[in-house]
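**Q** Residue numbers (the working numbering), protein chains in the order written: chain A, 9 to 264; chain B, 9 to 264; chain C, 17 to 301; chain D, 17 to 301.
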Amino acid sequence: MSDFTPNEMMTIAASRALTSSDVCFVGIGAPSAACNVARLTHAPDITLIYESGTIGTAPDVLPLSIGDGELCDTALTTVSVPEMFRYWLQGGRITIGFLGAAQLDKYGNINTTVIGDYHKPKTRLPGGGGAPEIATSSQEVYITMAQSKRGMVEKIDFYTSFGHGDGGDHRKRLGIETKGPTLLITDLAIWKPDPETKEFTVVSMHPGVTREMVQETCGWQVKFADNVEETPPPTELELKTLRDLKARTDAAHKGK
Amino acid sequence: MSDFTPNEMMTIAASRALTSSDVCFVGIGAPSAACNVARLTHAPDITLIYESGTIGTAPDVLPLSIGDGELCDTALTTVSVPEMFRYWLQGGRITIGFLGAAQLDKYGNINTTVIGDYHKPKTRLPGGGGAPEIATSSQEVYITMAQSKRGMVEKIDFYTSFGHGDGGDHRKRLGIETKGPTLLITDLAIWKPDPETKEFTVVSMHPGVTREMVQETCGWQVKFADNVEETPPPTELELKTLRDLKARTDAAHKGK
Amino acid sequence: MAHFIPLEQAVRENLKDGDTVAFEGFTHLIPTAAVHEAIRQGFKDLTLVRMTPDLIYDQMVGMGMVKKMIFSYVGNPGVGLLRRVRDSVENGWPREVEIEEHSHAAMANAYEAGAAGLPLAVFRGYRGAGLAEVNPNIKSITCPFTGEKLAAVPAVRPDVTFIHAQKADKKGNVLIEGIIGIQKEAVLAAKRAVVTVEEVVDDFSDAHPNLCILPHWTITAIAVVPGGAHPSYTHGYYVRDNASYLEWDQVAADRDRFRAWMEENVIKAKPEDFAARVEKLRVAK
Amino acid sequence: MAHFIPLEQAVRENLKDGDTVAFEGFTHLIPTAAVHEAIRQGFKDLTLVRMTPDLIYDQMVGMGMVKKMIFSYVGNPGVGLLRRVRDSVENGWPREVEIEEHSHAAMANAYEAGAAGLPLAVFRGYRGAGLAEVNPNIKSITCPFTGEKLAAVPAVRPDVTFIHAQKADKKGNVLIEGIIGIQKEAVLAAKRAVVTVEEVVDDFSDAHPNLCILPHWTITAIAVVPGGAHPSYTHGYYVRDNASYLEWDQVAADRDRFRAWMEENVIKAKPEDFAARVEKLRVAK
Chain A
9 MSDFTPNEMM
19 TIAASRALTS
29 SDVCFVGIGA
39 PSAACNVARL
49 THAPDITLIY
59 ESGTIGTAPD
69 VLPLSIGDGE
79 LCDTALTTVS
89 VPEMFRYWLQ
99 GGRITIGFLG
109 AAQLDKYGNI
119 NTTVIGDYHK
129 PKTRLPGGGG
139 APEIATSSQE
149 VYITMAQSKR
159 GMVEKIDFYT
169 SFGHGDGGDH
179 RKRLGIETKG
189 PTLLITDLAI
199 WKPDPETKEF
209 TVVSMHPGVT
219 REMVQETCGW
229 QVKFADNVEE
239 TPPPTELELK
249 TLRDLKARTD
259 AAHKGK
Chain B
9 MSDFTPNEMM
19 TIAASRALTS
29 SDVCFVGIGA
39 PSAACNVARL
49 THAPDITLIY
59 ESGTIGTAPD
69 VLPLSIGDGE
79 LCDTALTTVS
89 VPEMFRYWLQ
99 GGRITIGFLG
109 AAQLDKYGNI
119 NTTVIGDYHK
129 PKTRLPGGGG
139 APEIATSSQE
149 VYITMAQSKR
159 GMVEKIDFYT
169 SFGHGDGGDH
179 RKRLGIETKG
189 PTLLITDLAI
199 WKPDPETKEF
209 TVVSMHPGVT
219 REMVQETCGW
229 QVKFADNVEE
239 TPPPTELELK
249 TLRDLKARTD
259 AAHKGK
Chain C
17 MAHFIPLEQA
27 VRENLKDGDT
37 VAFEGFTHLI
47 PTAAVHEAIR
57 QGFKDLTLVR
67 MTPDLIYDQM
77 VGMGMVKKMI
87 FSYVGNPGVG
97 LLRRVRDSVE
107 NGWPREVEIE
117 EHSHAAMANA
127 YEAGAAGLPL
137 AVFRGYRGAG
147 LAEVNPNIKS
157 ITCPFTGEKL
167 AAVPAVRPDV
177 TFIHAQKADK
187 KGNVLIEGII
197 GIQKEAVLAA
207 KRAVVTVEEV
217 VDDFSDAHPN
227 LCILPHWTIT
237 AIAVVPGGAH
247 PSYTHGYYVR
257 DNASYLEWDQ
267 VAADRDRFRA
277 WMEENVIKAK
287 PEDFAARVEK
297 LRVAK
Chain D
17 MAHFIPLEQA
27 VRENLKDGDT
37 VAFEGFTHLI
47 PTAAVHEAIR
57 QGFKDLTLVR
67 MTPDLIYDQM
77 VGMGMVKKMI
87 FSYVGNPGVG
97 LLRRVRDSVE
107 NGWPREVEIE
117 EHSHAAMANA
127 YEAGAAGLPL
137 AVFRGYRGAG
147 LAEVNPNIKS
157 ITCPFTGEKL
167 AAVPAVRPDV
177 TFIHAQKADK
187 KGNVLIEGII
197 GIQKEAVLAA
207 KRAVVTVEEV
217 VDDFSDAHPN
227 LCILPHWTIT
237 AIAVVPGGAH
247 PSYTHGYYVR
257 DNASYLEWDQ
267 VAADRDRFRA
277 WMEENVIKAK
287 PEDFAARVEK
297 LRVAK
């Protein structure tokens, strides 16, 4: 399979990080696509949870919102929203919290609240929703987003959800016992936090991507691992699965 | 209808205190019988709630426990036990908490925990179960028990659930905003708390009962209202309803 | 005790200028018809509470009815931003709206605490989160057993909650199924509760014992409004009108277009119009 | 991840001397078969947690397996006292049992807090109640918004929870229906969870979406034990054996009679014996 877009590569690379034994709290957008591609390919027994209360869903099309009817129709069970946040997220049962970001810094801190000052914002974004506690109660956090200088910045305008803060043991110092962001998948590369500093470091670049391309679309000085691998390109099955899913989704959302 | 037992009179007098608009948290034993007689006679729309989570039950036989299957089979809905105690009792939705007592004092304080010292009890009783919070979260509390000097005492051995404490505004001083015990129905009389002192005062005696009989079976000096009425005897319908209910219940509990 | 009355009357009798009001529905069962009736009746200075404000709060903010919003996600789910809310926050048009912003976990716990009659909700949250610095209603308590510091937020206790549900029975008991969201808590936390339903059935005696049923004595008024959740959906009745959510992004982008749309689709419309809007979205029973 | 294994193995692999263990079931679905297996395996120094200890805890206390009990109602529901527990508390026979006593509201909130991963439960309770004076694990917190003093108790976090449920599907998901009690919380609060079920079905795809289902990854082991809740009942399978509860009052009244009964009905018995005990109590499906 030769022809694929950077976004397709991103979704597929993200899907590969998930396993059948994961219990994944799914954000809308790229995370949702990645989780469902994983479920439809190598991780058929993965448990997908959306914050609307649907546990173990297997939607045939991607939901537009976190509460589309199909999530409930295909779920093992659907619980109330307070129960979702208390027993399932806060209870420590989520292995992977999968988030997107409007702004991200090199320590995995995320902003989806405002651009500019909180009280006089230049742009008012939707805000955190479930993210502040997904970021601290999930056992690990994966982040996925397309690279851009506006999105990947030296300093985010607002700490919607906490990653590694200023790096190092900042989480531990705040009493947060979960691992936080352990993986960043962009349209160009796969990043993991440095074990000590917790700064995101490129460990793999997607086929055809250069170090310059990664740096040009990133607002901070990029660190590369000693040994940067090349991400295996999408397999035929992965690409077909993703494209079929997107096609079904587009048809469904455009209405009749 | 001429012939009835003091216990039957007690249950029927208690049933009359309930109305179709009550939401009643039902204790087992005499309270359960009274509540169901009310439902089967003059208060068909009363909502009976048992702490097992059954809301709006209408059992054909009296349950032996608070969680018999019939309570669920005939309920409007059955919720979890945490929800029962949080949303329904603590939420302030119960109009009447209906309790029995092993020991009772004149201020409506109840002991069902121990006879003797708590740490070295002479008799270990079952304890409070739901009663401590039924007594403080229900809008009002009704109590029913057969009179005896062992049961109705000057000083109870343990405050399983709080009535009016030492009387007067003791509830208010503890930050309890509900009314507490407003009615005591025994096999001999109907008692209401004095508006000021909160001491239970006999307001009605059952047919054939004398002041001496009331005093002889009560461990504290009994106060009588200026105008003590005579409790109307059971009607034919009331007595038949109660006896049919008891007969169905006995047959069911003795098993096959 | 639930009364069955027309929606116009239910809104008029239960909502007042200055009220704190929740129109709840977590993506599913959003009470759009009730909001449109509130818009037609022209209430002012409302404090709106909701986890996910979405289109209906965008509409009320855009119509200038709102003094304050308490929320946790102010987007058009899956589509993007709420443009009328943005215009208010960024430009003060048509008026400035005070905001009290929380996380979903905080709001869910705050409704739960309201339903449970508590003054506060306690949970593990907001660690390292910027909201804790800008929202003075985020405080903490210390666990007397472990010393752990936990987040505390005030319970949500609306003057009135509006929800949409599948059905009522003749006594006024209300059944909600599918994604039940926060509706039970929103009703039980409120002083008054108004429910729009798709239909009325004789009774729920055939229903499974553990479904989400609100007893009639927890509800103030019920109005029968088929389709009343459109463009949201009602599990078992009609599907979500995703195209309308996408369309709203265009409508709300421009002040004039927004006003024209509201005039045409809300001010000049009636609760009975909702049935036709879901006709093509109905699912086989 | 749930394994389907025999009850003997499930108990042996998941219970240890000295464990804090909850065998839960609120009147309904009491895991009697699991308790009897634990008795046969002769565990020691257990800390038993349960809202309503009833017969099964009376049996374990009488067999001398128990170091401590955490509970809120130590009666034979609707019948009277628990005579083996009394003998232990009043006379230290066969050993003294330490007790930590709560109200139902406290225990329900403590399990809920355990399931929610919190260290404590906060509720409005124990006002004027004697337990607050004799139980050092009843403390308080002050609401930072209203100044109200509220009760606080530690979360319940058992090493292992045993429950009985209607059915599992082939993947090991577990369905509980009827009086669901505190079972979901007891499982989610525990480090390990063992479930006995009446039967195994293919899947739950026909089940209503809002039922109480525990995903397979919340459960450690499942054993199929038809009748395993007797003399309690399983909604939809067999009714409560009220006569056995009345009989227990006689059996437990005397130490020798108790021991003889245990020898005959527990020590010499097997999990498979439960099916016959409920044969006459079965309900039409």
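Yeah, the Cβ is synthetic: ideal placement off N, Cα and C, and Gly gets one too. Note that the structure is a prediction, hence the values are computed from the model and not measured.
Would you report the Cα separation of C/Asp-33 and C/Gly-80, rounded to the nearest angstrom?
**A** The residue you call residue 33 of chain C lines up with position 17 of the third sequence. The residue you call residue 80 of chain C lines up with position 64 of the third sequence. Distance between the alpha carbons of C/Asp-33 and C/Gly-80 is about 12 Å.
**Q** So, with DSSP's three-state summary, where would you put D/Met-79?
**A** By one-based count along the fourth sequence, residue 79 of chain D stands at place 63. The answer is coil: DSSP assigns D/Met-79 none of H, G, I, E or B.
**Q** Of all the CB atoms in chain A, is at least one closer than 8 Å to the CB of D/Ile-115?
**A** Walking along the fourth sequence from the start, residue 115 of chain D turns up at place 99. Chain A contact via Cβ: absent.
**Q** Out of D/Pro-93, D/Val-172, D/Lys-84 and D/Lys-60, which has the shortest C-alpha to C-alpha gap to D/Ile-46?
**A** Mapped onto the fourth sequence, residue 46 of chain D falls at position 30. Ranking D/Pro-93, D/Val-172, D/Lys-84 and D/Lys-60 by Cα distance to D/Ile-46 puts D/Pro-93 first.
**Q** Within this structure, are the beta carbons of C/Val-176 and C/Ile-154 separated by less than 8 Å?
**A** Within the third sequence, numbered from 1, the residue matching residue 176 of chain C stands at position 160. Within the third sequence, numbered from 1, the residue matching residue 154 of chain C stands at position 138. Not in contact: C/Val-176 and C/Ile-154 (Cβ atoms no closer than 8 Å).
**Q** Hey, how far is the Cα of B/Ala-21 from the Cα of D/Val-172?
**A** Along the second sequence, one-based indexing puts residue 21 of chain B at 13. Along the fourth sequence, one-based indexing puts residue 172 of chain D at 156. Their backbone Cα atoms lie some 42 Å apart in a straight line.
**Q** Let me check understanding here. Comparing Cα to Cα, which of B/Thr-168, B/Ala-154 and B/Ile-164 lies closest to D/His-118?
**A** Position 102 of the fourth sequence, counted from the start, is the residue given in the question as residue 118 of chain D. Residue B/Thr-168 is the option with its Cα nearest to D/His-118.
**Q** With C-beta atoms as the reference, is C/Ala-202 less than 8 Å away from C/Val-190?
**A** Here the question's residue 202 of chain C lines up with position 186 in the third sequence. Here the question's residue 190 of chain C lines up with position 174 in the third sequence. Against a cut-off of 8 Å, the Cβ pair of C/Val-190 and C/Ala-202 comes out as no contact.
**Q** Please list, in chain order, the chain D residues whose beta carbon lies closer than 9 Å to that of A/Tyr-95.
**A** Position 87 of the first sequence, counting from 1, holds the residue named residue 95 of chain A. The contacting residues are Glu-128, Ala-131, Ala-132, Gly-133, Lys-200, Glu-201 and Leu-204.
**Q** Going by alpha carbons, who is nearest to C/Gly-78 out of C/Gly-243, C/Trp-277, C/Ile-235 and C/Cys-159?
**A** One-based indexing of the third sequence puts residue 78 of chain C at position 62. Of the candidates C/Gly-243, C/Trp-277, C/Ile-235 and C/Cys-159, the one whose C-alpha sits nearest the C-alpha of C/Gly-78 is C/Trp-277.
**Q** By the three-class DSSP mapping on this structure, what secondary structure does A/Ala-255 have?
**A** Residue mapping note: residue 255 of chain A aligns to position 247 of the first sequence, counting from 1. Residue state, collapsed to three classes: helix.
**Q** As a quick exercise: from D/Ala-245, D/Glu-263, D/Ile-157 and D/Phe-220, pick the residue whose alpha carbon is nearest that of D/Glu-53.
**A** The sequence position of residue 53 of chain D within the fourth sequence is 37, counting from 1. Checked all of D/Ala-245, D/Glu-263, D/Ile-157 and D/Phe-220; the closest Cα to D/Glu-53 is D/Ala-245.
**Q** Check whether the Cβ atoms of D/Val-299 and D/Gly-252 lie closer than 8 Å to each other.
**A** Position 283 of the fourth sequence, counted from the start, is the residue given in the question as residue 299 of chain D. Position 236 of the fourth sequence, counted from the start, is the residue given in the question as residue 252 of chain D. Yes, they are a contact pair.
**Q** Examine chain B for any beta-carbon lying closer than 8 Å to the beta-carbon of C/Pro-225, and answer yes or no.
**A** Numbered from 1 along the third sequence, position 209 holds the residue referred to as residue 225 of chain C. Chain B contact via Cβ: present.
**Q** Mind checking which residues open and close the beta strand (DSSP E) that includes C/Glu-114?
**A** Against the third sequence, residue 114 of chain C aligns to sequence position 98. First-last of the beta strand (DSSP E) with C/Glu-114: 114-117.
**Q** So with CB distances below 9 Å, who are the chain A contacts of C/Lys-9?
**A** This structure leaves residue 9 of chain C out entirely; chain C is present only between 17 and 301.
**Q** Determine the chain A residues that contact D/Phe-220 at a beta-carbon separation under 9 Å, and present them in chain order.
**A** For this step, residue 220 of chain D is matched to residue 204 along the fourth sequence. Here the neighbours are Leu-84 and Thr-85.
**Q** Assuming D/Gln-25 is part of the alpha helix (DSSP H), what are its boundary residues?
**A** Working through the fourth sequence from its first residue, we reach residue 25 of chain D at position 9. Residues 23-30.
**Q** Does the beta carbon of B/Val-5 sit closer than 8 Å to a beta carbon anywhere in chain C?
**A** Outside the displayed range of chain B (9 to 264) lies residue 5 of chain B, so it cannot be described from this structure.
**Q** I'd like to know if C/Arg-140 contacts chain D, where contact means its C-beta is closer than 8 Å to some C-beta of that chain.
**A** Start at 1 with the first residue of the third sequence, and residue 140 of chain C comes out as number 124. Yes - at least one Cβ of chain D is within 8 Å of the one on C/Arg-140.
**Q** Rounded to a whole number of angstroms, what is the C-alpha to C-alpha distance between D/Phe-161 and C/Ser-156?
**A** Here residue 161 of chain D corresponds to residue number 145 of the fourth sequence, with the count starting at 1. Here residue 156 of chain C corresponds to residue number 140 of the third sequence, with the count starting at 1. Cα to Cα, D/Phe-161 sits roughly 10 Å from C/Ser-156.
**Q** Would you mind sorting C/Ala-122 into buried or exposed? The rule is 16 or more other CB atoms within 10 Å of its CB.
**A** As a first step, residue 122 of chain C is located in the third sequence; it is residue number 106 there, counting from the start. C/Ala-122 is buried by the Cβ-count criterion.
**Q** Under a CB-based cut-off of 8 Å, is C/His-246 close to chain A?
**A** For the purposes of this step, residue 246 of chain C is identified with residue 230 of the third sequence, where counting begins at 1. No, C/His-246 lies away from the interface with chain A (no Cβ there is under 8 Å from its Cβ).
**Q** List, in chain order, every chain D residue whose beta-carbon is nearer than 8 Å to that of A/Ile-142.
**A** Here residue 142 of chain A corresponds to residue number 134 of the first sequence, with the count starting at 1. Chain D residues near A/Ile-142: none, gap ~14 Å exceeds 8 Å.
**Q** Consult DSSP for A/Thr-190 and reduce its assignment to one of helix, strand or coil.
**A** Indexing the first sequence from 1 puts residue 190 of chain A at position 182. A/Thr-190 falls in the strand class under three-state DSSP.
**Q** Run through chain D and tell me which residues come within less than 8 Å of A/Cys-43, C-beta to C-beta.
**A** Position 35 of the first sequence, counting from 1, holds the residue named residue 43 of chain A. Residues of chain D passing the Cβ test: none, with the nearest at roughly 16 Å.
**Q** Output yes if chain C places a C-beta closer than 8 Å to the C-beta of A/Tyr-126; else output no.
**A** Against the first sequence, residue 126 of chain A aligns to sequence position 118. Judged by the 8 Å Cβ criterion, A/Tyr-126 is in contact with chain C.
**Q** Just to confirm my understanding: we take B/Thr-190, look at its own chain, exclude 5 residues before and 5 after, and list those with CB closer than 8 Å. What are they?
**A** For the purposes of this step, residue 190 of chain B is taken as residue 182 along the second sequence, with counting starting at 1. Contacts found: Glu-148, Val-149, Tyr-150, Lys-200 and Pro-201.
**Q** Strictly under 8 Å for the Cβ-Cβ distance: is A/Thr-186 near chain D by that measure?
**A** Reading the first sequence from its first residue, position 178 is the one you call residue 186 of chain A. No - not a single Cβ of chain D is within 8 Å of the one on A/Thr-186.
**Q** Can you pull the chain D residues whose beta carbon is under 9 Å from the beta carbon of A/Ile-63, in chain order?
**A** Residue mapping note: residue 63 of chain A aligns to position 55 of the first sequence, counting from 1. Correct list: Ile-229 and Pro-231.
**Q** Can you look up A/Ile-142 in the DSSP assignment and give me helix, strand or coil?
**A** Taking the first residue of the first sequence as position 1, residue 142 of chain A is located at position 134. Looking at A/Ile-142 - three-state DSSP - the assignment turns out to be helix.
**Q** Taking DSSP as the reference, what is the three-state secondary structure of C/Val-294?
**A** Walking along the third sequence from the start, residue 294 of chain C turns up at place 278. Coil, per DSSP.
**Q** Hey, quick one: how far does the beta strand (DSSP E) through B/Gly-124 stretch, first residue to last?
**A** Counting from one through the second sequence, the residue named residue 124 of chain B turns up at place 116. Residues 122-124.
**Q** From B/Gln-98 to B/Cys-43, what distance separates their C-alpha atoms?
**A** Residue numbering aside, residue 98 of chain B sits at position 90 when the second sequence is read from its first letter. Residue numbering aside, residue 43 of chain B sits at position 35 when the second sequence is read from its first letter. Spanning the two alpha carbons is a distance of roughly 21 Å.
**Q** Suppose you measure from the CA of A/Lys-231 to the CA of B/Phe-93; what does that come to, to the nearest Å?
**A** Here the question's residue 231 of chain A lines up with position 223 in the first sequence. Here the question's residue 93 of chain B lines up with position 85 in the second sequence. Spanning the two alpha carbons is a distance of roughly 54 Å.
**Q** Whose CA, out of C/Glu-116, C/Val-210 and C/Thr-234, lies closest to the CA of C/Thr-48?
**A** As a first step, residue 48 of chain C is located in the third sequence; it is residue number 32 there, counting from the start. Comparing Cα positions, the closest option is C/Val-210.
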